[in-house]
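If you're matching positions, the sequence shown starts at 112 in the working numbering and goes up one per residue. For every residue, glycine included, the Cβ atom is placed at its ideal position computed from N, Cα and C. Single-structure report; data block below.
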Amino acid sequence: MKIFICCSKAFYGKISKIKSFLESKGHQITLPNTFDDPSKEEKMKREGINFHAKWKGEMIKESAQKIKENDAILVLNFEKDNQPNYIGGATFLEMYIAYGFNKKIYLYNPIPNNMLKDEILGFSPKIINGDLDKIR
Numbered sequence: 112m113k114i115f116i117c118c119s120k121a122f123y124g125k126i127s128k129i130k131s132f133l134e135s136k137g138h139q140i141t142l143p144n145t146f147d148d149p150s151k152e153e154k155m156k157r158e159g160i161n162f163h164a165k166w167k168g169e170m171i172k173e174s175a176q177k178i179k180e181n182d183a184i185l186v187l188n189f190e191k192d193n194q195p196n197y198i199g200g201a202t203f204l205e206m207y208i209a210y211g212f213n214k215k216i217y218l219y220n221p222i223p224n225n226m227l228k229d230e231i232l233g234f235s236p237k238i239i240n241g242d243l244d245k246i247r
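Given below as structure tokens:
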């Protein structure tokens, strides 16, 4: 299966191990847009609000294309800033896009208990509770 990994930049350090495991099972992995340069967004913000907004829009379109080219997304949702199972704005949009393209949506951990819970439930994600063998 071709899988696009989606998550907060705060979780990029966890991706390599997960990627290696999934590849050992025969999956093809697509990494997040700024995986190779996690500080890219901060650089774009320093260029000014309009520059950053344009760049952010380009990143959303790039993610949409990656989602379209993959069979599924894997959302890595760990604790961030004392928020269990964190899913940020960009990751939420990626989930929405995946849902619109009828792609499989896997959540590494349970759905966060926040204002987006009902919408995320509507996407019918498969919660794997850290068990990557459940991705099929």
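Task: Per-residue DSSP class, three states only, for residue 187 - done: Strand at residue 187.
TODO: Find the nearest neighbour of residue 241 within the set 153, 126, 112, 113, judged by alpha-carbon distance.
DONE: Ranking 153, 126, 112, 113 by Cα distance to residue 241 puts 126 first.
TODO: Under 8 Å by Cβ, that's how I've got residue 189 and residue 225 pegged, so tell me the actual separation to the nearest angstrom.
DONE: Not confirmed; about 15 Å, so no contact.
Task: Own chain, CB closer than 6 Å to residue 238, minus 5 neighbours either side, in chain order - done: 218, 221
Task: Identity of the residues DSSP links to residue 142 by a beta bridge - done: DSSP lists no partner for residue 142.
Task: DSSP-derived helix/strand/coil call for residue 154 - done: helix
Open item on the list: Taking only three categories from DSSP, how would you classify residue 178?
Closed with: helix
TODO: Could you tell me how far apart the beta carbons of residue 138 and residue 114 are, in whole angstroms, since I believe they sit closer than 8 Å?
DONE: 5 Å
TODO: Report the three-state DSSP secondary structure of residue 133 (helix, strand or coil).
DONE: helix
Open item on the list: Only counting the same chain, and skipping five residues up and downstream in sequence, which positions put a Cβ closer than 7 Å to that of residue 136?
Closed with: none
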